[in-house]
Amino acid sequence: MNLTLKFSELYNDEGFSDGTCIDLRDIPETNSYCSAQARREILDRILPYPLAGIHWIDSGDYHYASEIFIGRMQEPFCLALVDNHSDAQDGAFEGGMLSCGNWVKVARENNPMLVESIWNTPTLTSSPQIPVYISIDLDVLSPEFARTNWNQGTMSPEQMEEMVSRIAEGRRVLGIDVCGGLTVAKGASAADIRVNLQTRRALGAFLGRLLG
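The numbers in this note's numbering rise by one with no breaks, and the one at position 178 of the sequence shown is 537.
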């Protein structure tokens, strides 16, 4: 089941929706950093829905939602991150508040089902029988193809899709999430929105075919 998680006005600005919409805009303490209380509320709202499918999780400011999704895993799995950033930094605050910059590190330290995590490579060392969860940030793309509020990489959509295909080859894909974009409130122009929406729709079609 595909889910569209609205933390901000991003998808309203773009006119984008895919599957079931979950409105999270009323939850405080979610922008870039996620308090423990906010994490519990987000988890409560996504729990009724299966992990399988495509999860659209708003801009890169909310990439930490990936950690909440994979925290529900009931079997050993690998995490494949396609992102211009490793998202494995130390926490900025005492107590390790979950954030868009440290969620991979938090998952490595606290998720007993996480066997292996990789970043911008299709190479997994774990057995092919171990399934994979794929997390994508559009900031891995060149600004020609995506406009975000984070420094960006140089990939084309074709290069990104090739990497994702190689990651998924021969493995069961438990779920895929996608973040990245730019809101009008953070300076998006009509051209920015048009580019992002075109890329998002094309990526959604590709991922839908990948998941079968």
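Where is the CB? At the ideal position from N, CA and C, for every residue including glycine.
Asked, Found
"Per DSSP, the bridge partner or partners of ASP382", "LYS365"
"Rounded C-alpha distance that separates ILE386 from LEU369", "16 Å"
"Nearest to ASN390 (by Cα), restricted to the options PHE366, GLY374, ARG506, SER486", "PHE366"
"Cα-Cα separation between SER485 and ALA544, rounded to whole angstroms", "42 Å"
"Burial state of CYS459, where buried means 16 or more other Cβ atoms lie within 10 Å", "buried"
"Whether MET472 touches PRO409 by CB criterion (8 Å)", "no"
"For SER515 and THR363, the rounded distance between their alpha carbons", "24 Å"
"Helix, strand or coil at PHE436 [DSSP, three-state]", "strand"
"Uninterrupted alpha helix (DSSP H) stretches inside the segment 494-570 (no shorter than 4 residues)", "516-527, 549-570"
"N-terminal and C-terminal residue of the beta strand (DSSP E) that SER476 is part of", "473-478"
"Extent of the continuous beta strand (DSSP E) to which ILE413 belongs", "413-415"
"Spatially closest choice to CYS380 from ASN469, ILE416, SER445, GLU520, by CA coordinates", "ILE416"
"Beta-carbon proximity of THR558 to PHE504, cut-off 8 Å", "yes"
"Cβ pair count under 8 Å reaching 3, the segment 475-495 against the segment 518-527", "yes"
"is_contact[PRO471, chain C] using C-beta, thresh 8 Å", "Structure shown: chain C not included; a single protein chain is present."
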